[in-house]
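Number of protein chains: 2
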Amino acid sequence: MKVSREQMAENRRRILDVASRLFRDKGFDAVSVAEVMNAAGLTHGGFYGHFSSKDDLIAHTLAHVLAADEGGGGDLRAYVDAYLSPRHRDNAAGGCPTAGLAAAIRHQTSAARSAMTGGLRSQIDRIGKALPEVDAADRRRVAIGSFAAMVGAVILARAIDDPALSDEVLEQTRSWIDTGISQVSAS
Amino acid sequence: MKVSREQMAENRRRILDVASRLFRDKGFDAVSVAEVMNAAGLTHGGFYGHFSSKDDLIAHTLAHVLAADEGGGGDLRAYVDAYLSPRHRDNAAGGCPTAGLAAAIRHQTSAARSAMTGGLRSQIDRIGKALPEVDAADRRRVAIGSFAAMVGAVILARAIDDPALSDEVLEQTRSWIDTGISQVSAS
DNA sequence: ACATTTACATGATGGCGATCATATTTAGTT
DNA sequence: AACTAAATATGATCGCCATCATGTAAATGT
């Protein structure tokens, strides 16, 4: 049955939303097209009316979720703390798409890689701009170094099978970033 | 045809070697059992004489490659430089298994997660011991923070579709680690 | 109202890949 | 030398999944 133009747009949005959660949670390969459609309250048949292929869905999902992901623009200290929290580690489905998906981008189409590159570029810029206390000359280094450490720490913490060591990776990385930032502060 | 006891052991070693390269290069899901066996110069049939399942192969491969990966024990500065080089970024198949596989471990069996955890623990220890110039109180923080940044930077650099930005992520992270380490040095 | 288009549902299809069954050949053993 | 057991090869099987084909009914335009 046909649905209203508006309803269709909402369906598409819901597909992208649930796809972004499922992909972050289980990875691109482990999520089937039918699973995404079911999670969006539809059946698999309508899929190709919205996207030309699963790869196309992946690329659009990345653009969608990276555009929505605007973290790091405000209070950087709070952002880093939340990023390196056990809560974020344990919430891959709703967490940072970079931490959840960046490593898998290597095996995706060039459209997906391009979307991810754009997302990373603006994320690095946002973090740099949120470092007013840091000398301009150091900003880019601090932004990139900190973000790399954050992403790496969350990936490692999620991989580790020992809660104590996993927590320690998060905490020590937070402390390492903290000292790194304050030591290059202009004040 | 049956082969000698010794030949079989060598076959098993070769299976693990090629599997570790293929998995690092293409990811666990994108590599089939038959592909591994062919790369090892065998056919798919003999596989289940060596391993009970693909998951079993993954777990053994991780233990194999993480035991072999002894980087970071010697000159730390050289290790960091090599790790954050374009050469390492472009050589996932032969590169650090943590950078290549850690993010995918979340979706693997507990045996695989356990193998990875052990590998990470010893890697962090090795880096800590390679930091003689750093105060003992700071060693763990520096080791974990640096390693997280290294892993994160390589993952990001591999995800980015723009050579200039990818190179910059590597270089800025190297510089960030450099200043971070020297500023907590005891000397 | 009617015609037409279209979004979605249901139901194939085809290929790939993990795993299993069986045959073959040869290393160990006696 | 003959026997047995084992390692690998060849050839199914079975399920999953991306994609396609077709039906249906409701929305939109006239």
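First to last, the protein sequences are chains A and B.
Heads up: the first sequence begins at 59 in my numbering, then just goes up one per residue.
Heads up: the second sequence begins at 59 in my numbering, then just goes up one per residue.
Positions of the beta carbon are idealized from the N, C-alpha and C atoms, including for glycine.
Distance between beta carbons of residue j and residue i, contact taken as under 8 Å
i: T167 of chain A; j: A88 of chain A; result: Contact doesn't hold; Cβ gap of about 18 Å is too wide.
i: R145 of chain A; j: A217 of chain B; result: So it is not a contact: roughly 24 Å between Cβ atoms.
i: D219 of chain A; j: T175 of chain B; result: 4 Å
Secondary structure of residue i, DSSP reduced to three states
i: S243 of chain A; result: strand
i: V94 of chain A; result: helix
i: V212 of chain B; result: helix
i: V227 of chain A; result: helix
i: V61 of chain A; result: coil
i: G200 of chain B; result: Position check: residue 200 of chain B holds Val in this sequence, whereas Gly was assumed. Reduced to three states, the DSSP call for V200 of chain B is helix.
i: V89 of chain A; result: coil
Residue span of the alpha helix (DSSP H) that contains residue i, given as start and end
i: Q181 of chain B; result: 168-187
i: R135 of chain A; result: 134-141
i: G107 of chain A; result: 105-108
i: A160 of chain B; result: 155-163
i: I218 of chain A; result: Premise fails: I218 of chain A is in no alpha helix (DSSP H) and is neither H nor E.
i: P144 of chain B; result: 144-147
i: T119 of chain B; result: 112-126
8 Å Cβ cutoff met for residue i and residue j
i: F109 of chain B; j: L100 of chain B; result: no
i: G45 of chain A; j: M208 of chain B; result: The structure shown has nothing for residue 45 of chain A, since chain A only spans 59 to 245.
i: A98 of chain A; j: I73 of chain A; result: yes
i: A160 of chain A; j: I182 of chain B; result: no
i: A173 of chain B; j: L124 of chain B; result: yes
i: G203 of chain B; j: I235 of chain A; result: yes
i: R79 of chain A; j: G152 of chain A; result: yes
i: A150 of chain B; j: D83 of chain B; result: yes
i: T119 of chain B; j: A77 of chain B; result: yes
i: D193 of chain B; j: V242 of chain B; result: yes
i: L223 of chain B; j: R179 of chain A; result: yes
i: V227 of chain B; j: A206 of chain A; result: yes
i: R147 of chain B; j: Q230 of chain A; result: no
i: F86 of chain B; j: A162 of chain B; result: yes
i: G238 of chain A; j: G238 of chain B; result: yes
i: C154 of chain B; j: D127 of chain B; result: yes
Q. Looking at C-beta atoms only, is the number of pairs between the segment 184-192 of chain B and the segment 128-145 of chain B that lie closer than 8 Å three or more?
A. yes
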